[in-house]
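*Asks:* Heads up, the sequence shown is in the numbering used here, so the first residue is 124 and it goes up one at a time. By construction, the Cβ of each residue, glycine as well, lies at the ideal position given by its N, Cα and C atoms.
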Amino acid sequence: DLALARAIAKETDTFLSNSLTAVENLATYPDVLNIDKDELEKLFSQIYNVRPDVNLIYRLDENGTMVYHYPEGP
Numbered sequence: 124d125l126a127l128a129r130a131i132a133k134e135t136d137t138f139l140s141n142s143l144t145a146v147e148n149l150a151t152y153p154d155v156l157n158i159d160k161d162e163l164e165k166l167f168s169q170i171y172n173v174r175p176d177v178n179l180i181y182r183l184d185e186n187g188t189m190v191y192h193y194p195e196g197p
C-alpha cells in the first residue's frame, strides 16, 4: 500500500534526521573532540538513558577506529 510506504519513509526520514542532529550536536562538545573518556561516559550514559531508540553510542578517531563506546563492555 502506497500510504503505508509513505508513512514508513517519513518515519525513517525523521529518525535519520534526528540522529544526524544529535551527532552534529555531539561534535561540538570539547570532551567529545578531545576524547575525554571519563566525560564521554557521563555524556553518553545520559543520552543512552533518554533515547530508547539508541542501543550504542560511540566515538571514532580520525582513522575510523572506535576509541570509546557506551555502554561499556564487550
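Contact between the stretch 131–140 and the stretch 165–175: three or more CB pairs below 8 Å?
*Replies:* Judged by Cβ distances under 8 Å, the stretch 131–140 makes no contact with the stretch 165–175, as fewer than three pairs qualify.
*Asks:* Mark residue 152 as exposed unless 16 or more other C-beta atoms lie within 10 angstroms of its C-beta, in which case mark it buried.
*Replies:* That one is exposed.
*Asks:* From this set, 195, 176, 126, 124, which residue's C-alpha is nearest residue 161's C-alpha?
*Replies:* The shortest C-alpha separation from residue 161 is found at 195.
*Asks:* Taking buried to mean at least 16 other C-beta atoms within 10 Å of its own C-beta, is residue 129 buried or exposed?
*Replies:* Burial call: exposed.
*Asks:* Determine the extent of the beta strand (DSSP E) in which residue 180 is found, giving its start and end residues.
*Replies:* 180–183 is the span of the beta strand (DSSP E), which, as asked, contains residue 180.
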